[in-house]
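Taking it in order: structure first as structure tokens, then the write-up.
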Amino acid sequence: MKRWIDLRSDTVTKPTAAMRRAMAEADVGDDVFGEDPTVNELQKRAAQLFGREAALFVPSGMMGNQIALKVQTQPGDEVILEEASHIFNAELAMMGAFSGVIPRPVATQRGFMRWEQIESLIRPKVYYYSQTTLICLENTHNFKGGGIYPLEWAREIIARAHERGIKVHLDGARIFNAAVAAGRSVQELTEGFDSVMFCLSKGLGAPIGSMLVGSGAFIEKARRVRKMLGGGMRQVGILAAAGLYALAHHVERLREDHENAQLLAQELTKIAEISLEPVETNIVIFSLRRTSADQLVAALRERGILVHAIGPRKIRLVTHLDVSRSDVLSAARAIAEILK
Numbered sequence: 019m020k021r022w023i024d025l026r027s028d029t030v031t032k033p034t035a036a037m038r039r040a041m042a043e044a045d046v047g048d049d050v051f052g053e054d055p056t057v058n059e060l061q062k063r064a065a066q067l068f069g070r071e072a073a074l075f076v077p078s079g080m081m082g083n084q085i086a087l088k089v090q091t092q093p094g095d096e097v098i099l100e101e102a103s104h105i106f107n108a109e110l111a112m113m114g115a116f117s118g119v120i121p122r123p124v125a126t127q128r129g130f131m132r133w134e135q136i137e138s139l140i141r142p143k144v145y146y147y148s149q150t151t152l153i154c155l156e157n158t159h160n161f162k163g164g165g166i167y168p169l170e171w172a173r174e175i176i177a178r179a180h181e182r183g184i185k186v187h188l189d190g191a192r193i194f195n196a197a198v199a200a201g202r203s204v205q206e207l208t209e210g211f212d213s214v215m216f217c218l219s220k221g222l223g224a225p226i227g228s229m230l231v232g233s234g235a236f237i238e239k240a241r242r243v244r245k246m247l248g249g250g251m252r253q254v255g256i257l258a259a260a261g262l263y264a265l266a267h268h269v270e271r272l273r274e275d276h277e278n279a280q281l282l283a284q285e286l287t288k289i290a291e292i293s294l295e296p297v298e299t300n301i302v303i304f305s306l307r308r309t310s311a312d313q314l315v316a317a318l319r320e321r322g323i324l325v326h327a328i329g330p331r332k333i334r335l336v337t338h339l340d341v342s343r344s345d346v347l348s349a350a351r352a353i354a355e356i357l358k
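Residue 19 is where the sequence shown starts when you use this note's numbering, and the numbers rise one by one after that.
Listed below in structure tokens is the structure:
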């Protein structure tokens, strides 16, 4: 079988042999009845890590985000979020279709809103205006190069929003990347958020699953919404076991992914055709000056390298568990040869 160097996303990882063993040996029960011991253990562990009262295992990050929006808004409300955020761009307008809310996007340079930008967009308390009830942040920021949200900016937003009676949700799909890179705990980075979603199936290397954490009351409501979305799962401990393994064994190794991303970035800066965005974690984004993104994607595929076009001249590369240092160097050499 041909071995591909797959840099399209950190969602393409395969479970390790040890993770597969953990899955095969998992103790299971009916999670709809709350009787799957492995799911319960995973939810307890996630709540502990984030310093929250409770957590909920969901099939995907999108489901986790959309549950959080549904629980914390009413139809006709407005949600303030960054214009390049995943919730706004890559979740099929589900916030409108399912929760009946409308987005109020904010343009930023690196994906991070400041309170001053948000404050000017909050609707006045007038009955014929849609009301602002939720603010969504993203850390790290997927489409802005894996940037880490400045902690003081996030804390100011949380504090000021709460003064206005507005809740704040964090799309923390890659929050563990942020924590490892910043040298802080996920609890510290997410303190004060009313709800947090994080993915097990990205850099942590599980085959499926995300977690939603928050207060006990929030999670009880979230459980009902999960069921509405078809997320009531039965003997799902075989998947929760992968999440537990990932949390125990794949967090600190994210540092390797960040190092590989930096190495890749260093090599790409040598290529005149490329304009590279800042690299902070495991995502490398660059623009092409003359070549189309589709041309480069096709040429690299012929060499056994997979990358993702996110614009007519923009490419995203993501390092992960299944990409080695030598893979990164091979990819950089191939890109240089194609663009010379």
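Note that CB positions come from ideal geometry on N, CA and C, so glycine has one too.
In this text the structure is predicted, and so the values were computed from the model without any measurement.
- In the DSSP assignment, Arg334 falls within the beta strand (DSSP E) that extends over 332 to 336.
- Nearest neighbour of Thr31 by Cα position, chosen from Ala111, Leu222, Arg308, turns out to be Leu222.
- When Cβ pairs closer than 8 Å are counted between the two stretches, the stretch 297 to 308 is seen not to touch the stretch 260 to 270, the count staying below three.
- If you ignore the 5 residues before and after Ile328, its C-beta comes within less than 6 Å of the C-beta of Arg334, all in its own chain and listed in chain order.
- Rounded to the nearest angstrom, the gap between the Cα atoms of Phe130 and Arg26 is 24 Å.
- Distance between Glu295 and Asp54, taken at the CA atoms: about 44 Å.
- When secondary structure is reduced to three states using DSSP, Leu74 falls in the strand class.
- Counting only residues of its own chain and dropping the five nearest sequence neighbours on each side, Val186 has a CB closer than 6 Å to the CB of Ile153, Ile176, Ala179, Phe211, Asp212.
- Inclusion of Ser228 and Met81 in the CB contact set at 9 Å is warranted, their separation being smaller than that value.
- Assignment of alpha helix (DSSP H) within the stretch 114 to 201, counting only whole runs of 4 or more residues, yields 133 to 137, 169 to 181, 193 to 200 in chain order.
- Below 8 Å, too few C-beta pairs join the stretch 48 to 66 and the stretch 334 to 354 to call them touching: fewer than three.
- Of the candidates Asp312, Ala290, Arg307, Ala290 places its Cα closest to the Cα of Ala354.
- For a cut-off of 8 Å, the C-beta gap from Val119 to Val97 is around 5 Å, short enough to register as a contact.
- In the DSSP assignment, Glu100 forms a beta bridge with Val124.
- Proximity to Lys143 across Ala111, Val124, Gly183, Ile105 peaks at Gly183, based on C-alpha coordinates.
- Around the beta-carbon of Tyr167, 16 or more other beta-carbon atoms lie within 10 Å, marking it buried.
- With a 10 Å radius around the Cβ and a threshold of 16 neighbouring Cβ atoms, Ser103 comes out buried.
- For Met215, the uninterrupted beta strand (DSSP E) segment begins and ends at 213 to 217.
- Contact between the stretch 226 to 245 and the stretch 67 to 80 is established, with three or more Cβ pairs separated by less than 8 Å.
- In this structure, His338 places its C-beta atom within 9 Å of the C-beta atom of Lys220.
- Taking a 10 Å sphere around the C-beta of Arg252, we find fewer than 16 other C-beta atoms and assign the residue as exposed.
- The straight-line gap separating the alpha-carbon atoms of Ala64 and Asn157 is approximately 17 Å.
- The beta carbon of Glu285 lies closer than 6 Å to those of Ala350 in the same chain, with the five residues before and after it left out.
- Here Asp28 has Lys220, Gly221, Asn300, Val336, His338 as same chain residues with Cβ atoms under 7 Å from its own Cβ, once five neighbours each way along the sequence are excluded.
- Checking the DSSP bridge columns, you'll see Met229 partnered with Phe75, Phe216.
- Runs of the beta strand (DSSP E) lying entirely within the stretch 248 to 316, each at least 3 residues long, are 292 to 294, 301 to 306 in chain order.
- Between the alpha carbons of Arg241 and Gly249 lies a gap of roughly 9 Å.
- For Ala191, the closest alpha carbon among the candidates Ile105, Lys245, Met41 is that of Ile105.
- Separation of Ala311 and Glu59 (C-alpha to C-alpha, rounded to the nearest whole angstrom) is 44 Å.
- Closest in alpha carbon position to Glu174, among Asp189, Val243, Leu207, is Leu207.
- Judged by DSSP secondary structure, Ala354 falls outside any beta strand (DSSP E) and instead within the alpha helix (DSSP H) spanning 343 to 357.
- Comparing C-alpha distances from Tyr145 to each of Val243, Gly94, Arg244, Lys288 shows the shortest one belongs to Gly94.
- With contacts defined by Cβ atoms closer than 9 Å, Phe75 and Ala258 form a contacting pair.
- It is roughly 44 Å from the alpha-carbon of Gln127 to the alpha-carbon of Arg39.
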